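These notes are about the structure you will find just below.
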Amino acid sequence: MKSLQGFLKLISEETRLRILMLLNEEALCVCELEAILEVPQPRVSKILSKYRDLGLVIDERKGKFIYYKLALKDPLHQAIVSTIKEKRETIEQLSRDYQRMLTKEGLLNACQGSPSELE
57 MKSLQGFLKL
67 ISEETRLRIL
77 MLLNEEALCV
87 CELEAILEVP
97 QPRVSKILSK
107 YRDLGLVIDE
117 RKGKFIYYKL
127 ALKDPLHQAI
137 VSTIKEKRET
147 IEQLSRDYQR
157 MLTKEGLLNA
167 CQGSPSELE
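Shown next as structure tokens:
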């Protein structure tokens, strides 16, 4: 129960939820998340650090960039994220973030890296 409460508290803040949902789709680096979300780099880095410490993301260095991808182990956490994903089109900000990620809007100058899937 404590794990569920902690997870729900974690995703109750908008930016943390937005990052979680993007990383559920593909591996992204800090500068890409910063560009998609239009959120300052220190805020993105702080959230990713917390997610990494809690074991919610995996990271992989590719050149000078570190790519992060969601790695939920708890089936209940997975079900919550899956439900939110199914309803994403009804949540304006999540839908907009997803479209920006797909079209790479704002990413061309964000960094010299490009999104890549972690293997």
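Its first residue numbered 57, the sequence shown is counted upward by one per residue in the numbering used here.
Think of the CB as a built atom: it goes at the ideal place given N, C-alpha and C, for glycine as much as any other residue.
It should be emphasised that the depicted structure is a prediction, and the values quoted were computed from it without experimental measurement.
Which same chain residues, not among the five before or five after residue i, have their C-beta less than 6 Å away from its C-beta?
| i | result |
| --- | --- |
| V100 | V86, L89, E90 |
If you follow the beta strand (DSSP E) that residue i is part of, which residue opens it and which one closes it?
| i | result |
| --- | --- |
| V113 | 113-118 |
| K125 | 121-126 |
Thinking C-alpha only, which one of the options is nearest residue i?
| i | options | result |
| --- | --- | --- |
| Y124 | L132, Q134, D115 | D115 |
| K160 | E69, L93, G62 | L93 |
Between which residues of its own chain and residue i is the CB-CB distance below 8 Å, once the five residues before and five after are set aside?
| i | result |
| --- | --- |
| V113 | L79, L104, Y107, Y124, K125, L126, A127 |
Round the Cβ separation of residue i and residue j to the nearest angstrom and send it over; I've been treating them as touching at under 8 Å.
| i | j | result |
| --- | --- | --- |
| D153 | R74 | 5 Å |
| M77 | L150 | 6 Å |
Just to confirm my understanding: we take residue i, look at its own chain, exclude 5 residues before and 5 after, and list those with CB closer than 7 Å. What are they?
| i | result |
| --- | --- |
| L167 | Rather than Leu, the amino acid found at residue 167 in this sequence is Cys. So the qualifying residues of the chain are C85, C87, E88, F121. |
| G62 | none |
| D130 | S59 |
| E145 | S151 |
Between residue i and residue j, is the Cβ-Cβ spacing less than 8 Å?
| i | j | result |
| --- | --- | --- |
| L60 | L132 | yes |
When you compare the CB of residue i with every CB in chain C, is at least one pair closer than 8 Å?
| i | result |
| --- | --- |
| L126 | In summary, chain C is missing from the structure at hand, where a single protein chain is found. |
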